[in-house]
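Colleague: Numbering (the UniProt record's numbering), first residue to last: 1 to 238. Glycine included, every Cβ here is placed at the ideal spot set by N, Cα and C. My structure is below; once you've seen it, I'll send some questions.
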């Protein structure tokens with residue numbers, strides 16, 4: 001009898017947008033995993049056992065058997081490459097060209113979308129927590145930058161099926177949620193990681209599985225287009 005595969009472990013705090021990115025990839029891959037909660041207030045990320053996992057004292061960290069990974073985008077790509085390669089333009093029906101186009105839009109998220117989104121979230125959400133006033137000039141400047149980036153996304157989506165969004169593309173499990181998406185998550189909507197995660201409670205006990213957000217899951221799957229890997233007019237000047 002084959003030995004069952006070890007459940008992947010993800011270390012971090014779920015409020016982190018970077019942990020959220022890894023959680024979304026795990027959800028999209030449809031694999032069981034354990035979210036091992038940590039506390040930034042308690043300094044869990046600076047403890048020796050975590051520094052052995054990530055010497056930069058950051059989250060998330062993924063343990064997949066003997067493999068330990070950090071950096072949320074690397075984690076997301078690994079999970080999808082292993083379990084859902086078609087979402088990265090590979091696997092059945094994939095090609096080098098499709099995979100290359102997915103890579104392009106992942107880079108767009110990392111270098112065009114994420115920086116202004118992070119700046120806005122820092123000023124609007126982190127600054128008050130740190131006891132300082134938000135810098136509205138920084139917010140306004142980055143809102144304008146973000147608007148221009150989203151206009152590019154909108155144009156791209158205009159050539160795809162209606163009713164989609166950048167967060168529901170073939171590359172979405174690695175390109176979303178950005179910090180702006182996480183900060184604006186509707187409080188009445190179950191987060192995407194509530195279906196399969198079994199967060200360890202204090203004392204090492206696993207908490208009960210949360211209800212499956214079936215409506216969110218089905219709408220996410222039905223909305224994902226192939227446009228990010230198959231658009232003919234796909235040139236982006238760097």
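Does the distance from the CB of residue 142 to the CB of residue 110 come in under 8 Å?
Modeller: Numbered from 1 along the chain shown, position 142 holds the residue referred to as residue 142. Numbered from 1 along the chain shown, position 110 holds the residue referred to as residue 110. No. Outside cutoff.
Colleague: Three-state secondary structure (DSSP) at residue 140?
Modeller: By 1-based counting over the chain shown, the position of residue 140 is 140. Of the three classes helix, strand and coil, the one that applies to residue 140 here is helix, per DSSP.
Colleague: Just to confirm my understanding: we take residue 46, look at its own chain, exclude 5 residues before and 5 after, and list those with CB closer than 7 Å. What are they?
Modeller: Reading the chain shown from its first residue, position 46 is the one you call residue 46. Closer than 7 Å at the Cβ level, and outside the excluded window around residue 46, lie 57.
Colleague: DSSP three-state call for residue 104: helix, strand or coil?
Modeller: As a first step, residue 104 must be located in the chain shown, where it is residue number 104. In this structure, residue 104 counts as helix in the three-state DSSP scheme.
Colleague: Drop a sphere of 10 angstroms on the beta-carbon of residue 22, count the other beta-carbons inside from all chains shown, and report buried for 16 or more, exposed for fewer.
Modeller: The residue labelled residue 22 in the question sits at position 22 within the chain shown. Counting Cβ neighbours within 10 Å, residue 22 comes out buried, since at least 16 surround it.
Colleague: What does a CB cutoff of less than 8 Å around residue 128 pick up in its chain, not counting 5 residues either side in sequence?
Modeller: What you label residue 128 is simply residue 128 of the chain shown in a count that begins at 1. For residue 128, where only same-chain residues beyond five positions count, the Cβ hits under 8 Å are 134.
Colleague: Have a look at 124, 154 and 9 and flag the residue whose alpha-carbon is nearest the alpha-carbon of residue 63.
Modeller: Here residue 63 is taken as the residue at index 63 of the chain shown, counted from 1. Ranking 124, 154 and 9 by Cα distance to residue 63 puts 9 first.
Colleague: Give the DSSP-derived three-state secondary structure of residue 67 in the structure shown.
Modeller: Numbered from its first residue, the chain shown carries residue 67 at position 67. Note: residue 67 maps to strand in three-state DSSP.
Colleague: Determine, using beta-carbon pairs with one atom in the segment 68-78 and one in the segment 22-31, whether at least three such pairs fall under 8 Å.
Modeller: With a cut-off of 8 Å, the segment 22-31 and the segment 68-78 count as touching, because enough Cβ pairs lie within range.
Colleague: Using a 10 Å radius around the Cβ and a threshold of 16 neighbouring Cβ atoms, would you call residue 114 buried or exposed?
Modeller: The sequence position of residue 114 within the chain shown is 114, counting from 1. Residue 114 comes out buried.
Colleague: Can you give me the C-alpha to C-alpha distance between residue 50 and residue 16, rounded to a whole angstrom?
Modeller: Numbered from its first residue, the chain shown carries residue 50 at position 50. Numbered from its first residue, the chain shown carries residue 16 at position 16. Rounded to whole angstroms, residue 50 to residue 16 spans 17 Å at the Cα level.
Colleague: Can you tell me which of the three DSSP states residue 79 falls into?
Modeller: Start at 1 with the first residue of the chain shown, and residue 79 comes out as number 79. In the structure shown, residue 79 sits in a helix (DSSP, three-state: H, G or I).
Colleague: Give the straight-line distance between the Cα atoms of residue 132 and residue 41, rounded to the nearest whole angstrom.
Modeller: In the chain shown, residue 132 corresponds to position 132, counting from 1. In the chain shown, residue 41 corresponds to position 41, counting from 1. In a straight line, the C-alpha of residue 132 is about 19 Å away from that of residue 41.
Colleague: DSSP three-state label for residue 35, please.
Modeller: One-based indexing of the chain shown puts residue 35 at position 35. Three-state result, residue 35: strand.
Colleague: Which one or two residues does DSSP pair with residue 9 in a beta bridge?
Modeller: The residue labelled residue 9 in the question sits at position 9 within the chain shown. Bridge partners of residue 9: 34 and 63.
Colleague: Measure the CB-CB distance between residue 139 and residue 151 and report whether it falls below 8 Å.
Modeller: Sequence index remark: in the chain shown, residue 139 carries index 139 (1-based). Sequence index remark: in the chain shown, residue 151 carries index 151 (1-based). No. Outside cutoff.
Colleague: Taking the straight line between their C-alpha atoms, what separation do you get for residue 38 and residue 104?
Modeller: Taking the first residue of the chain shown as 1, we reach residue 38 at position 38. Taking the first residue of the chain shown as 1, we reach residue 104 at position 104. Computed Cα separation, rounded: 33 Å.
Colleague: What does the Cβ neighbour count give for residue 106, buried or exposed, with the cut at 16 atoms within 10 Å?
Modeller: In the chain shown, residue 106 corresponds to position 106, counting from 1. It is buried - the Cβ of residue 106 has at least 16 other Cβ atoms within 10 Å.
Colleague: Which class does residue 159 belong to by DSSP, given the choice of helix, strand or coil?
Modeller: Against the chain shown, residue 159 aligns to sequence position 159. Residue 159: coil per DSSP, three-state reduction.
Colleague: Verify whether the separation of the beta carbon atoms of residue 30 and residue 60 is less than 8 Å.
Modeller: For the purposes of this step, residue 30 is taken as residue 30 along the chain shown, with counting starting at 1. For the purposes of this step, residue 60 is taken as residue 60 along the chain shown, with counting starting at 1. No, the Cβ-Cβ distance between residue 30 and residue 60 is not below 8 Å.
Colleague: What does the Cβ neighbour count give for residue 116, buried or exposed, with the cut at 16 atoms within 10 Å?
Modeller: Along the chain shown, one-based indexing puts residue 116 at 116. Classification of residue 116: buried, given that the 10 Å Cβ count is 16 or more.
Colleague: Counting only the same chain and skipping the five closest in sequence on each side, list residues whose C-beta sits under 6 Å from that of residue 112.
Modeller: Locating residue 112 in the chain shown gives position 112, where the first residue counts as 1. Excluding residues within five positions, the ones whose Cβ falls inside 6 Å are 149.
Colleague: Please go through the same chain and pick out, in chain order, the residues whose beta-carbon is closer than 6 Å to the beta-carbon of residue 85, but skip the five residues on each side of it.
Modeller: By one-based count along the chain shown, residue 85 stands at place 85. Within the same chain, residue 85 has close Cβ partners 91.
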